[in-house]
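Residue numbers (the working numbering), protein chains in the order written: chain A, 39 to 347; chain B, 101 to 476.
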Amino acid sequence: MIEFDHVSKVFGGSKVIDDLSLRIGEGELFVLVGPSGSGKSTLLRTINRLVPVDAGAVRIAGEDVVTRDIEALRRGIGYAIQSVGLFPHRTVAQNIATVPRLLGWNAEETRVRVEELLGLLRLDEPGMADRYPHTLSGGQQQRVGVARALAARPAIVLMDEPFGALDPLTRESLQHSLKTIQRDSGTTIVFVTHDMDEAFRLGDRVALLLDGKVAQVGTPLAFLHAPASPRVREFVGGERGRLRELAVRLVRDVVRLGETSSGHAVDIDASLQDALAAMLAQGHDALPVCEDGRVVGAVRLGDLVARPS
Amino acid sequence: MTTQRRSLPAIVLGTAGLCAALFAVFLRVAPNRLLSGQPHESHGVVFGLAWLGVILAGWFGLRGRAPLLAVVAVAALVALPVVAGFDARAALEHAPASARAQPGAGFWIMWMTAALLLLDALRGMRALVQVIAWVAVLAALIVAAWQGAFEPLAVVREYRAQHASFDDAFLVHLRLVGVTFMAALLIGAPMGWWAWRARRGGGIVVGTLSFLQTVPSLALFALLIGPFAWLAAHIPALASLGFGGTGAAPAIVALVLYALLPVVRYTMAGLDAVPFDTREAAQALGMNRWQVLAQVQLPLGWPVLLSGLRIVAVQTIGLAAVATLIGAGGLGRFVFLGIGQGAIDMVLLGTLAIIALALLVDLLFQGLLALAERRP
């Protein structure tokens with residue numbers, strides 16, 4: 039879907055992106071992670087040509103982005119950033135409708151889509167559509183920003199640390215919303231963050247960028263089990279990487295079907311981290327597991343600690 | 101009830117007003133329009149009581165002092181000329197027809213002081229309230245004028261004697277200002293946009309305009325006579341349009357040159373008023389340059405530009421007075437002719453008209469600004 043082909047970018051004499059090649063598949067939630075200055079934001083911004091590349095090419099569906107009309111290209115790509123950048127003189131509904139309006143959707147179509155997005159992003163309290171951005175909380179503003187990025191059903195959405203400035207609870211709830219929306223819509227999302235936990239929680243695949251190069255690309259588990267270099271291992275957290283793994287793996291992977299246990303059940307699609315938290319809270323070393331509200335098996339502490347084969 | 105701190109402005113202004121009421125001449129009567137007048141008895145001293153009240157209010161700090169002072173100031177602004185007109189009528193009753201009754205220094209000081217007091221009292225109040233207060237003063241003065249309250253005053257008599265040429269001059273003045281304003285906006289706003297986009301080039305534009313601003317207005321008017329005379333002599337089409345070394349054309353060019361700096365500056369400031377992220381988001385969502393300008397930069401930067409246009413309008417009204425010296429006409433004619441003839445009433449007539457026009461236009465822009473800045 040998106041292909042970086044030997045891309046380089048120089049800012050003020052230093053190579054921010056250094057001969058980088060990468061493919062992002064259709065429908066993937068792909069996370070670019072790395073420390074500040076690693077070039078991840080710059081790389082993201084080459085996709086919608088906010089940053090022109092110095093060498094190499096960025097292709098979408100095989101077509102070099104520089105051959106596309108720049109406004110048409112951008113209208114087909116959603117964009118959300120940490121500082122949100124909402125238009126202060128426009129209402130929530132008008133902000134969300136920005137791209138549909140640019141694309142010339144009719145009023146009814148636009149209204150229906152705005153309603154739908156307000157619901158999807160849990161912005162459906164009464165009167166929300168007609169409020170102005172300065173009357174919203176940070177989390178609500180960010181939800182509007184995400185809704186605006188998704189409005190015209192773009193095939194690709196770019197997000198640059200969109201949840202970076204939010205408190206942990208709000209961030210988690212937004213991550214959850216995003217994951218659900220992405221799964222349901224099949225949108226390709228390229229997501230930039232410096233937070234490893236966020237990268238592993240969200241990403242179908244993750245690329246770790248160091249000094250303008252891809253240090254490793256793969257699934258979160260691949261990072262944890264087979265770090266490509268000592269630097270990657272350091273980044274993933276060394277010994278503590280095993281803790282991260284708990285957040286990535288699901289109860290489904292270790293459930294013992296048919297067994298039973300006492301205590302409050304955990305959901306089969308919960309993370310092992312959630313299961314461990316429930317065990318700690320309840321003081322049990324085993325808990326029942328439920329699927330669709332029905333107990334289907336049990337999970338044991340030993341299974342969480344054991345290295346996956 | 102002393103709930104507020106002392107108000108230094110109220111105390112100072114009250115004291116100035118009180119001194120003017122007690123010691124300065126409120127009304128002078130002269131045998132004709134060219135001789136200077138002698139002090140005449142009047143009711144000016146009565147205003148001393150109001151000023152005493154202002155001082156006390158400023159000193160002891162009553163609850164709701166600001167609105168109270170505003171009301172006193174509005175009342176004084178209206179009552180002072182009405183009382184002066186009343187006293188003038190009495191003074192002229194048994195005088196020859198050529199006699200003139202002029203408000204004296206005491207009147208002018210108190211009127212100015214009342215205006216300053218109103219400005220101070222309105223500070224911090226909502227823009228709408230401020231506009232309403234000034235409109236109330238204006239409306240009351242117009243009603244009083246309608247009723248003939250100011251007819252006996254020398255300035256009004258001067259107007260009655262010259263109203264045909266005054267009305268002409270007023271229209272000419274308005275036209276000078278209007279054309280200059282539109283031209284400055286049409287040239288300056290795109291120039292400001294360009295200067296804002298091309299940072300380095302922008303420095304040159306602003307530098308050049310700043311330099312022009314330092315040329316004395318009279319000198320600039322005079323300097324333009326030469327080139328314009330040459331143009332008119334060599335391009336007959338221009339000459340047939342009334343274009344020449346003197347007259348409206350060079351005057352308007354000079355006025356536009358002065359107006360460009362504020363227009364360009366405030367256009368740039370207005371564009372800067374839009375946060376970078378908002379502008380980048382607009383671009384990233386696929387707006388082209390013109391859509392960003394029309395849908396984001398203009399609506400967000402408009403109040404800043406408007407406050408610049410307010411300065412331009414008021415500045416041009418004042419500067420246009422000098423344009424009369426190169427034959428462009430306007431209200432400045434009365435000022436300079438009056439000085440030449442030693443007819444102080446005529447100078448005053450021109451000056452008051454210019455000030456009134458400037459205040460009126462300023463008020464208009466304040467109203468527009470209040471509308472533009474109304475938070476949704």
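The C-beta atom is built at its ideal place from N, Cα and C for all residues, glycine as well.
Counting along the chain, B:Arg133 sits inside no alpha helix (DSSP H), nor does DSSP assign it H or E at all. Contact residues of the segment 361-377 of chain B toward chain A are Pro375 and Asp377 (C-beta to C-beta distance below 8 Å). For A:Arg128, the secondary structure class from DSSP, reduced to helix, strand or coil, is coil. Taking a C-beta cut-off of 9 Å against chain A, the contacting residues of the segment 380-408 of chain B are Glu380, Ala381, Ala382, Gln383, Ala384, Leu385, Gly386, Met387, Asn388, Gln391, Gln395, Val396, Pro399 and Leu400, listed in chain order. Sequence-ordered contacts of the segment 141-163 of chain A with chain B read Leu141 [C-beta pairs closer than 9 Å]. Counting of Cβ neighbours within 10 angstroms places B:Ala382 among the buried residues, the total reaching 16 or more. A:Tyr170 sits in coil when the DSSP states are folded into three classes, being neither helix nor strand. The CB of A:Thr84 never comes closer than 7 Å to any CB in chain B; the least such distance is about 12 Å. Under a criterion of Cβ atoms nearer than 9 Å, no residue of chain B is adjacent to A:Arg280; the nearest Cβ is some 39 Å distant. Relative to the Cα of B:Gly427, the nearest Cα in the group B:Arg410, B:Gly144, B:Leu276 and B:Gly418 belongs to B:Leu276. B:Arg200 is positioned such that its CB atom lies closer than 8 Å to that of B:Ala254. B:Pro139 sits in a strand when the DSSP states are folded into three classes. Straight through space, the alpha carbons of B:Ala150 and B:Gly206 are spaced by roughly 14 Å. Burial check for A:Ile227: the Cβ neighbour count within 10 Å reaches 16 or more, so the residue is buried. B:Ala348 counts as buried, since no fewer than 16 other beta carbons sit within 10 angstroms of its beta carbon. For B:Ala458, the closest of B:Leu409, B:Leu127, B:Tyr259 and B:Ala214 by C-alpha to C-alpha distance is B:Leu409. Proximity of A:Phe125 to chain B, defined by a Cβ-Cβ separation below 8 Å, is satisfied.
Annotation for A:Ser74: His232 place their beta carbon closer than 8 Å to its own, counting only its chain and skipping 5 residues before and after. Going by DSSP, A:Glu236 is part of the alpha helix (DSSP H) stretching over Met234 to Leu240. Taken in chain order, the complete alpha helix (DSSP H) segments of 4 or more residues contained in the segment 154-202 of chain A are 176-188. For A:Thr136, the neighbours in chain B by C-beta distance under 7 Å run, in chain order, Leu385. In the three-state scheme derived from DSSP, where H, G and I count as helix and E and B as strand, A:Ile62 is classed as strand. About 6 Å separates the Cβ atoms of B:Leu437 and B:Met446, confirming a contact at the 8 Å cut-off. In this structure the segment 85-97 of chain A does not touch the segment 256-271 of chain A; the number of beta carbon pairs closer than 8 Å is below three. Cβ-Cβ distances below 6 Å link A:Ser76 to Leu247 and Leu248 in the same chain, with the five nearest sequence neighbours on each side left out; the list follows chain order. Around A:Ala253, the same chain offers Leu246 and Val270 as residues with beta carbons nearer than 6 Å, after the five sequence neighbours per side are excluded. Look at the beta carbons and you see the segment 219-226 of chain A touching the segment 57-71 of chain A: at least three pairs across the two are nearer than 8 Å. Within chain B, the residues placing a beta-carbon under 9 Å from that of A:Ile119 are Asp377, Glu380, Ala381 and Ala384, ordered along the chain.
Within the DSSP bridge table, the entry for A:Phe68 names A:Val228 and A:Arg243 as partners. The C-alpha of B:Leu162 is placed about 48 Å away from the C-alpha of B:Ser317. If you look at B:Val112, you'll find it in the alpha helix (DSSP H) that goes Leu108 to Phe123.
For B:Val145, no alpha helix (DSSP H) encloses it, and the DSSP letter there is neither H nor E. Close CB contacts of A:Val195 within its chain, under the 6 Å cut and outside five residues either way in sequence, are with Gly116, Ala187, Thr225 and Ile227 (chain order). Taken in chain order, the complete alpha helix (DSSP H) segments of 4 or more residues contained in the segment 196-228 of chain B are 205-222.
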